[in-house]
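Read through the structure below, which is laid out as structure tokens, and then see the notes.
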Amino acid sequence: MLTKSSPISTQSNLFHSELFSQLDVKDPLIQLANTINWTVFDDAFEQHYSQDNGRPSKPIRLMVGLLLLKQLENLSDERVVLQFKRNPYYQYFCGYSNYMPGMPCNATELVHFRKRIGVKGFNLIFKMSVALHGKQAQESSVLIDTTVQEKNITYPTDAKLAIKIINRLNKLAKRHGIQQRRTYVKEVKNCRLSIRHFRHVKKRAKAKKALTRLRTIANKLIRELQRKLPQYLFV
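If you want it as structure tokens, here you go:
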């Protein structure tokens, strides 16, 4: 069941309110939180939730905020949830006006949220992440999912989702008869092979470079199709 995006309580708490009132309003996270149009995510993702059935969900603002912080700070799912508990600036960024001493959610709920919103939803968050990083997202900034996984279970890591976006965009271009400058199929295959060696100390730099390149390719294809596809497809 969908929970409204404002996770704050209407009951006042003197200590918590005073704590938040002492935050530096010039801090980049506070400025970003006040700049981002969060209703875009509410409107895009509310279709994936039941309005009156099931267990209440975590607010969309909270889940999107955690995923953006994960990208901005290069954290794993577990780490970003832990830092939320410790960092009042993280809580403000995710829509809280009073300090919350507990965990916002379980780290596995971020995995479920990514599955719920699908490739299209991740694409929306991905574009916002690129916009927040600016040129660094395509050059020197490295964003990796370092979550430890069991070998017999696959989760949608950053690399897998980026590759999935690239493949979907190429299929979309082919379906609509769009002549692409490049499909990057061969380069994506090489990047995938390089990322497999991420845990190898001597090859880690190459793996990080490959992951950054995948993000750049996905962003290039997004911009190209936005220019060439009919605008009604983006409404």
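All you need for the numbering used here is the position in the sequence shown, starting with 1, plus 998.
Using N, Cα and C, we set each Cβ at its ideal position, and we do this for glycine too.
To the nearest angstrom, how far is the alpha carbon of residue i from that of residue j?
{"i": "Ile1115", "j": "Ile1123", "result": "10 Å"}
{"i": "Gln1147", "j": "Val1078", "result": "For Gln1147, the predicted structure reports a pLDDT of 47, less than 50, and the residue's modelled location is therefore unreliable. A value from the coordinates is still provided. Each residue's Cα considered, the two are about 16 Å apart."}
{"i": "Cys1103", "j": "Thr1181", "result": "38 Å"}
{"i": "Met1260", "j": "Cys1092", "result": "Residue 1260 is absent from the structure shown; the chain starts at 999 and stops at 1233."}
{"i": "His1195", "j": "Gln1049", "result": "44 Å"}
{"i": "Leu1219", "j": "Ile1164", "result": "7 Å"}
{"i": "Gln1224", "j": "Val1199", "result": "39 Å"}
{"i": "Thr1033", "j": "Gly1063", "result": "13 Å"}
{"i": "Trp1036", "j": "Ile1161", "result": "26 Å"}
{"i": "Lys1113", "j": "Tyr1047", "result": "13 Å"}
{"i": "Glu1076", "j": "Glu1222", "result": "35 Å"}
{"i": "Val1023", "j": "Asp1041", "result": "28 Å"}
{"i": "Thr1210", "j": "Pro1026", "result": "23 Å"}
{"i": "Ala1171", "j": "Met1126", "result": "22 Å"}
{"i": "Val1128", "j": "Asn1051", "result": "35 Å"}
{"i": "Arg1053", "j": "Gly1100", "result": "20 Å"}
{"i": "Arg1179", "j": "Arg1190", "result": "21 Å"}
{"i": "Asn1168", "j": "Asn1096", "result": "45 Å"}
Let me make sure I understand the geometry here. Which of the options has the alpha-carbon closest to that of residue i?
{"i": "Pro1086", "options": "Asp1156, Val1109, Arg1213, Leu1021", "result": "Leu1021"}
{"i": "Asn1217", "options": "Arg1166, Asn1051, Arg1084, Lys1083", "result": "Arg1166"}
{"i": "Ile1028", "options": "Val1109, Lys1204, Gln1089", "result": "Gln1089"}
{"i": "Lys1068", "options": "Lys1206, Gly1119, Ala1105", "result": "Ala1105"}
{"i": "Leu1227", "options": "Ile1176, Lys1206, Arg1211, Thr1210", "result": "Ile1176"}
{"i": "Phe1043", "options": "Tyr1094, Ser1055, Arg1084", "result": "Ser1055"}
{"i": "Leu1066", "options": "Arg1053, Asn1051, Phe1039", "result": "Phe1039"}
{"i": "Tyr1094", "options": "Ser1019, Arg1173, Asp1156", "result": "Ser1019"}
{"i": "Lys1206", "options": "Ile1058, Ala1157, Lys1118", "result": "Ala1157"}
Quick one: does residue i have its CB under 8 Å from some CB of chain C?
{"i": "Leu1073", "result": "The structure shown contains no chain C; it holds only a single protein chain."}
Along the alpha helix (DSSP H) that carries residue i, what are the first and last residues, could you check?
{"i": "Asn1168", "result": "1156 to 1173"}
{"i": "Gln1020", "result": "Note, Gln1020: premise wrong, no alpha helix (DSSP H); not H, not E."}
{"i": "Leu1066", "result": "1058 to 1071"}
{"i": "Ser1192", "result": "1183 to 1193"}
{"i": "Asp1025", "result": "Unbroken run through Asp1025: none, as it is neither H nor E."}
{"i": "Phe1082", "result": "1075 to 1084"}
{"i": "Gln1224", "result": "1202 to 1226"}
{"i": "Val1038", "result": "1037 to 1043"}
I think residue i touches residue j, with their Cβ atoms under 8 Å apart; what is that distance to the nearest whole Å?
{"i": "Leu1030", "j": "Met1061", "result": "Actually they are not in contact, since the Cβ atoms of Leu1030 and Met1061 sit about 17 Å apart, beyond 8 Å."}
{"i": "Leu1159", "j": "Phe1120", "result": "5 Å"}
{"i": "Gln1081", "j": "Leu1073", "result": "7 Å"}
{"i": "Ala1203", "j": "Ser1192", "result": "Their Cβ separation, rounded to whole angstroms, is 10 Å, which puts Ala1203 and Ser1192 out of contact at 8 Å."}
message: Check whether the segment 1202 to 1218 and the segment 1175 to 1190 are in contact - that is, three or more C-beta pairs closer than 8 Å.
response: yes
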